[in-house]
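Letter by letter, the first sequence follows residues 9 to 428 of the numbering used here.
Each remark here refers to the structure printed beneath this line.
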Amino acid sequence: MEKIRTLRGFRDILGDELEKFKKIEQAFRKYSTRLGFREIELPILEKTELFVRTIGDTTDIVEKEMFTFIDAGGDSLSMRPEATAGMVRSYLQEGLYATERLTKVCTIGPMFRHERPQKGRYREFRQIDVEVFGVKEPLVDAELIFMIRMFLDDLDIDRYRIEVNSVGCKTCRESFRGVLIEFFEDRKSELCDDCLRRLERNPLRIFDCKNEQCIRVTADSPLLFNSLCGECKDHFDLFQKHINDFGIDIEVNKRLVRGLDYYTKTVFEITSDDLGAQKAFIAGGRYDNLVEEMGGPPTAGIGFAVGVERLAMLLPQKMEESGRECFLACIGDRARGYLAPVLKACLSGDISLRYAYEAKSLKAQMRYADNLKCNFVLILGDNEIDKGMITLRDMAGKTQEELPLDVEHIVSVLKERLSG
RNA sequence: GCGGCAGUAGCUCAACGGCGGAGCAUCGGAUUGUGGUUCCGAGGGUUGCGGGUUCAAGUCCCGUCUGCCGCCCCA
9 MEKIRTLRGF RDILGDELEK FKKIEQAFRK YSTRLGFREI ELPILEKTEL
59 FVRTIGDTTD IVEKEMFTFI DAGGDSLSMR PEATAGMVRS YLQEGLYATE
109 RLTKVCTIGP MFRHERPQKG RYREFRQIDV EVFGVKEPLV DAELIFMIRM
159 FLDDLDIDRY RIEVNSVGCK TCRESFRGVL IEFFEDRKSE LCDDCLRRLE
209 RNPLRIFDCK NEQCIRVTAD SPLLFNSLCG ECKDHFDLFQ KHINDFGIDI
259 EVNKRLVRGL DYYTKTVFEI TSDDLGAQKA FIAGGRYDNL VEEMGGPPTA
309 GIGFAVGVER LAMLLPQKME ESGRECFLAC IGDRARGYLA PVLKACLSGD
359 ISLRYAYEAK SLKAQMRYAD NLKCNFVLIL GDNEIDKGMI TLRDMAGKTQ
409 EELPLDVEHI VSVLKERLSG
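Here is the structure:
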């Protein structure tokens, strides 16, 4: 019989990795709460059209990376490949634009992309997603970078770079597109096959190419950053001033491009060389036209996503200290009769109690208790019961004492020992 | 989607084409009811899966699945 295992690129999350996820989410919520973000849970499945219209129909994500299927009713549905699309849909559907001046929301959950798995790249992966709707001022751009900085500091992560760029607005991008195509037309022969395709669909992405030949070509090319319109230029300058006020070091990377169509003005990427090929573990940017394009009122937007698995890889490997636990070792059937009352009293008294389900030798039970890293072991056998006592052994101190066999008393002594 | 490497006990890995092993982990024992160190012992495997070559395949060949590295993409 063939063993059933997870689908390719899908994993069970357990042990240290799950602890890291919890730690990351806890640290994140600390700052999201303080900055006024509300958490929201969104569906994993949405109409395919939502992603096509937001992310862009010529992006790789939409073209070949979505888990898409036709449901029984004939609708094309897709597992969400990212969170912003659903956030925008929710913002419009719940009418938040009408009930509040600005909206700060975040969500944490799994995303799905049908890619070839690699370290730090899975078909099901977890993202923390943050969005702000209704603020066009660059102060919020800086606030998000600041939030990321506080969050990473909290996790003791310091080997990373913050790269920022501006991809301009619709008007500066349209006019630049012509300039760029004209430049590359003359040097077509020097570009790789991938870039020739990009030239047709999204010429800006040529700047993203790692091919040395293409990098040489783009080194001579005009940059969108240098031909931003006045408004976009002012926005970026003010953003940099605010970043400076927060005391954060950033690198302006004029070649930085994002793979999703909706981005405008400020874009950023947090990368680490400790991650291998998938260097970016946080990325985001502004999308000032998206809400309107999706049928809402003109509303500025900005957000970012954290790749939780990738961030977890940057966390130190050290195991969490196990909690302070107690163990009850019973010798004989008479002692077993005390298990239920002792367990009941311990749990009510907020004390962790472990015990063996099988009637094992005391030696085996002690070994088990040690294995579980229990700090204290209660030993109960005929000797103790006849005296109306119970033995309490301090495993680290290798000392033991006898206590009256009274559950309330036992719990109060354990509490005292565990807190000291 | 493309290229390369790999898959043997729960984990890390050995085994010239010739009887599948070790360390760690788990469990038990070392004279009455006391853990870690030590000693002894036990359990655990269709060698990822399916074909093929061969007297004989963990080992060679083909396919497939999965992982890893790079490309691509992206968080």
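Idealized CB from N, CA, C, for every residue including glycine.
Since we're looking at a predicted model, the values are computed, not measured.
On the DSSP bridge list, what partners appear for residue i?
i, result
"P89", "None; P89 has no bridge partner."
"D402", "F384 and T407"
"M119", "F133"
"N173", "V275"
"K249", "Partner(s): none; K249 has no beta bridge."
"P412", "M397"
"E47", "C114"
"L361", "C334"
"V260", "V172"
"A106", "Looking at the DSSP assignment, A106 forms no beta bridge with any residue, so it has no partner."
"S84", "I78"
"L53", "M87"
"E139", "V113 and G311"
Please say whether residue j and residue i have beta carbons closer to each other than 8 angstroms?
i, j, result
"I310", "A291", "no"
"F154", "F254", "yes"
"R342", "I393", "yes"
"V175", "L232", "yes"
"P146", "F36", "no"
"A308", "V96", "no"
"I256", "R157", "yes"
"R332", "G293", "no"
"P89", "E73", "yes"
"A91", "T115", "yes"
Among the options, which has the Cα closest to the Cα of residue i?
i, options, result
"K38", "A353, T307 and D162", "D162"
"D414", "P51, V350 and Y130", "V350"
"D402", "L411, N391 and V385", "V385"
"S98", "D65, G64 and F141", "F141"
"G44", "A80, L336, E151 and L246", "E151"
"F133", "L347, G396 and D20", "D20"
"F75", "C354, K112, R121 and A367", "R121"
"R375", "F335, S360 and Y346", "F335"
"L1", "E33, D68 and Q221", "Look at the range of the chain in this structure, 9 to 428, and you will see that residue 1 is not part of it."
"T14", "A91, Q373, V143 and Y130", "Y130"
"V316", "T66, F289 and A372", "F289"
"V138", "R124, V314 and Q325", "V314"
"R109", "P211, P305 and E410", "P305"
"E409", "M397, T111 and E239", "M397"
"A404", "C114, L411 and L426", "L426"
"K262", "T407, K395 and D216", "D216"
If we ignore side chains and look at the alpha-carbon of each, how far apart do residue i and residue j end up?
i, j, result
"Y168", "R318", "12 angstroms"
"L264", "K55", "30 angstroms"
"D166", "D281", "12 angstroms"
"E27", "V187", "50 angstroms"
"A93", "L58", "7 angstroms"
"Y363", "P51", "41 angstroms"
"I78", "C338", "59 angstroms"
"N383", "I170", "45 angstroms"
"M119", "F18", "11 angstroms"
"V421", "V148", "53 angstroms"
"I63", "G23", "35 angstroms"
"A377", "L370", "10 angstroms"
"P230", "R224", "13 angstroms"
"A106", "A227", "46 angstroms"
"I48", "R206", "36 angstroms"
"F244", "I359", "55 angstroms"
"A348", "A367", "15 angstroms"
"D164", "I12", "39 angstroms"
"D194", "D201", "16 angstroms"
"S40", "L322", "21 angstroms"
"R185", "C222", "18 angstroms"
"D296", "G357", "54 angstroms"
"A353", "D390", "21 angstroms"
"L212", "R61", "20 angstroms"
"R46", "V299", "19 angstroms"
"D83", "L104", "27 angstroms"
"G284", "L411", "57 angstroms"
"Q373", "L380", "11 angstroms"
"L160", "L199", "38 angstroms"
"E182", "T272", "12 angstroms"
Contact check, residue i vs residue j under 8 angstroms by CB: the rounded distance?
i, j, result
"C203", "I214", "5 angstroms"
"Q286", "Q126", "7 angstroms"
"L100", "G303", "7 angstroms"
"T274", "C237", "With a Cβ gap of about 14 angstroms, T274 and C237 do not count as contacting."
"C177", "E239", "7 angstroms"
I'd like to confirm something about residue i: is its beta-carbon nearer than 7 angstroms to some heavy atom of the ligand ZN, or not?
i, result
"S280", "With respect to small molecules bound, the structure shown includes none, and the ligand ZN cannot be examined in it."
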